[in-house]
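Below is one structure, written out as structure tokens, with a few remarks after it.
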Amino acid sequence: MLKYDQKYIVFDTETEGLNLHSSKPWQIAWIVCQGYKVIETHNRFLDFEDLEIPDIVRKLTGFSWDTYNKKKEDPETVLADFEEYLYDPQYKIIGQNLLGFDVYMIAELQRMFGRKRDFTYFDRIYDTRALGKAHREGLEKPKENFLSWQYKIINDRSLKSKVSQIQLLKYFGIDFEEEKLHDALYDIEMCYQIFCELKKAMNL
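Numbering that gives the first Met the number 0 numbers the first residue of the sequence shown as 0 and each following residue consecutively.
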């Protein structure tokens, strides 16, 4: 069971598209939480000269070239700053569909900068998509192989419960502003509220 004063990082990426091998992340946001409080907020934009944002992505995420150009930074610096949290074992790692998407965006950045992709933080991940589906299907957390169990749930097509972030927010009765969803920072703030509900419901 998680400690009452456990520290967490909750993160999300926004990307050019959904291709795990070629889509570049242009935003990484993460918050540091303890208990029910957010104690740090980080919202960083990655500078890529050849960035291509399709119209559908701009509309979905509210992407603005003006905002991006004002805030963009060297992507390797952003990655290094984020990794100081990601690889710190004091933190459990929270996110919506991390195991299906975002972890591979981080790995792609590592590859782009000539580094080995490092997945050693995986065993500290709590994916709210997997946990949400387990909860809604009445499945209990296993005593062992928690990471493998989450992957199995994510990929088990026989489990029909709807567990997008907006569906989980509605399920738990969490107030949210739909037009703000798909901004990385807002998404992780909402994701942490979902996780806190799942933590109570599943005795994590």
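Ideal Cβ placement from N, Cα and C applies to all residues, glycine included. This one's a predicted model, so the numbers in the text were calculated from it and none came from an experiment.
Query raised in the report: What do you get for residue 232, buried or exposed, if any count of 16 or more other CB atoms within 10 angstroms of its CB means buried?
Result: Nothing about residue 232 can be read from this structure; the chain reaches only from 0 to 203.
Requested in this report: Give a yes or no on whether the C-beta atoms belonging to residue 78 and residue 152 are separated by under 9 Å.
Outcome: no
Query raised in the report: Taking buried to mean at least 16 other C-beta atoms within 10 Å of its own C-beta, is residue 84 buried or exposed?
Result: buried
Query raised in the report: From this set, 70, 32, 182, 185, which residue's C-alpha is nearest residue 89's C-alpha?
Result: 32
Requested in this report: Could you name the residues of the same chain whose beta carbon sits closer than 6 Å to that of residue 71, not counting the 5 residues immediately before and after it, in chain order?
Outcome: 44, 46
Report task. Give me the Cβ distance between residue 186 and residue 11, rounded to the nearest whole Å; I'm assuming they're in contact under 8 Å. Result -> 5 Å
Query - For residue 128 and residue 163, the rounded distance between their alpha carbons - result: 7 Å
Requested in this report: On a CA-only basis, which of 7, 180, 58, 101 is nearest residue 39? Give me that one, please.
Outcome: 7
Query raised in the report: In the DSSP assignment, what residue or residues form a beta bridge with residue 183?
Result: None, per the DSSP bridge assignment.
Report task. Note the first and the last residue of the continuous beta strand (DSSP E) segment covering residue 123. Result -> Premise fails: residue 123 is in no beta strand (DSSP E) and is neither H nor E.
Requested in this report: Report, in whole angstroms, the separation of the C-beta atoms of residue 181 and residue 97, which I expect to be a contact under 8 Å.
Outcome: 16 Å between Cβ atoms; not a contact.
Query raised in the report: Does the Cβ of residue 119 have 16 or more other Cβ atoms within 10 Å, making it buried, or fewer, making it exposed?
Result: exposed
Query raised in the report: So, helix, strand or coil for residue 162, using DSSP?
Result: coil
Query - Inter-residue spacing [alpha-carbon to alpha-carbon] between residue 15 and residue 102 - result: 15 Å
Query - Cβ-Cβ distance between residue 131 and residue 170 below 9 Å - result: yes
Query raised in the report: Of all the options 191, 100, 156, which has the alpha carbon lying nearest to the alpha carbon of residue 13?
Result: 100
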